[in-house]
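Visitor:
Residue numbers (the working numbering): 141 to 393.
(1) Of the choices 262, 263, 285, whose alpha-carbon is the least far from that of residue 273?
(2) Using only the alpha-carbon positions, how far apart do residue 330 and residue 359 sit?
(3) Decide if the segment 335 to 344 is in contact with the segment 182 to 193; the criterion is three or more beta carbon pairs, one per stretch, under 8 Å apart.
(4) Going by the beta-carbon positions, is the gap between residue 375 and residue 227 smaller than 8 Å?
(5) What is the rounded straight-line gap between the Cα of residue 241 and the Cα of residue 210?
(6) Below 8 Å on the Cβ atoms is my guess for residue 394 versus residue 260; work out the distance and round it to an integer in Å.
(7) Tell me the DSSP secondary structure of residue 341 in three-state form.
(8) Quick check on residue 172: buried or exposed, where buried means 16 or more other Cβ atoms within 10 Å of its Cβ?
(9) Tell me whether residue 364, by its Cβ, gets closer than 7 Å to a heavy atom of the ligand ZN.
(10) Over the uninterrupted alpha helix (DSSP H) stretch that includes residue 225, give me the two end residues.
(11) Which one of 190, 174, 170 has the shortest CA to CA distance from residue 355?
(12) Got a sec, what are the start and stop residues for the alpha helix (DSSP H) residue 328 sits in?
(13) Alpha carbon to alpha carbon, what distance is there between residue 323 and residue 250?
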């Protein structure tokens with residue numbers, strides 16, 4: 141299948157001038173996936189999932205289903221990455237299968253609308269946490285939030301332009317910090333459970349909203365929090381031995 145797609149692509153005039161250096165190993169790859177998934181969404185989405193679905197028990201079910209969907213999607217993308225071993229994610233897959241027009245339309249909307257909107261939301265969430273200590277008694281001004289978010293986006297863009305190795309190192313450090321933060325939150329919750337604070341688990345499915353709209357909004361918030369499982373396919377050509385390790389990286393992450 142891979143050779144058939146490759147020959148079809150070459151007949152259409154596809155070519156590459158150069159290939160990136162393969163510098164991303166197992167730690168960098170796992171950090172890239174997990175660090176992207178463990179973003180601002182996990183610290184914001186839980187309240188909206190619970191608000192939409194209406195009960196703690198149903199929210200746990202939503203989170204489990206979203207995790208299963210993300211895992212299956214990651215495995216499918218890992219298989220795609222081994223068949224079509226080029227960086228670019230969905231753009232490359234559409235280019236090799238659906239043609240140049242479809243790939244162009246997708247990448248145009250992705251670059252001009254989808255990715256900027258997602259990056260803006262994440263940057264604004266980051267800015268809220270950064271400026272919160274300076275405005276403890278009131279809400280921070282919107283101008284300050286937007287300026288801090290713009291600085292964050294520019295700084296990350298500069299780092300990724302300078303060096304893959306530097307970007308990977310920063311990704312590893314930030315993933316460790318976020319994982320440590322989540323561990324503190326989880327351990328705090330476990331301590332409270334052992335202390336007998338189990339009121340929310342008694343009749344945990346009472347008040348569940350079973351409407352299509354409520355379930356849809358809950359899944360949207362949960363899947364947005366899990367977003368990032370497909371990011372490793374954007375740098376397939378920078379992985380060491382992607383044909384062997386891509387599926388392993390997806391499973392570990």
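The C-beta atom is built at its ideal place from N, Cα and C for all residues, glycine as well.
Since this is a predicted model, take the numbers as computed values, not measurements.
Guide: Looking at the atomic coordinates:
(1) Nearest of 262, 263, 285 to residue 273, Cα basis: 285.
(2) Approximately 25 Å, taken between the alpha carbons.
(3) Short answer: they don't touch.
(4) Against a cut-off of 8 Å, the Cβ pair of residue 227 and residue 375 comes out as a contact.
(5) Spanning the two alpha carbons is a distance of roughly 28 Å.
(6) The structure shown has nothing for residue 394, since the chain only spans 141 to 393.
(7) Residue 341 falls in the helix class under three-state DSSP.
(8) Counting other Cβ atoms within 10 Å of its Cβ, residue 172 reaches 16 or more and is therefore classed as buried.
(9) No copy of the ligand ZN occurs in the structure displayed, which carries no ligand at all.
(10) Per DSSP, residue 225 lies in no alpha helix (DSSP H) and is assigned neither H nor E.
(11) When each option's Cα is compared against that of residue 355, the closest is 190.
(12) Bounds of the alpha helix (DSSP H) holding residue 328 are 304 to 334.
(13) Straight-line Cα distance between these residues: approximately 34 Å.
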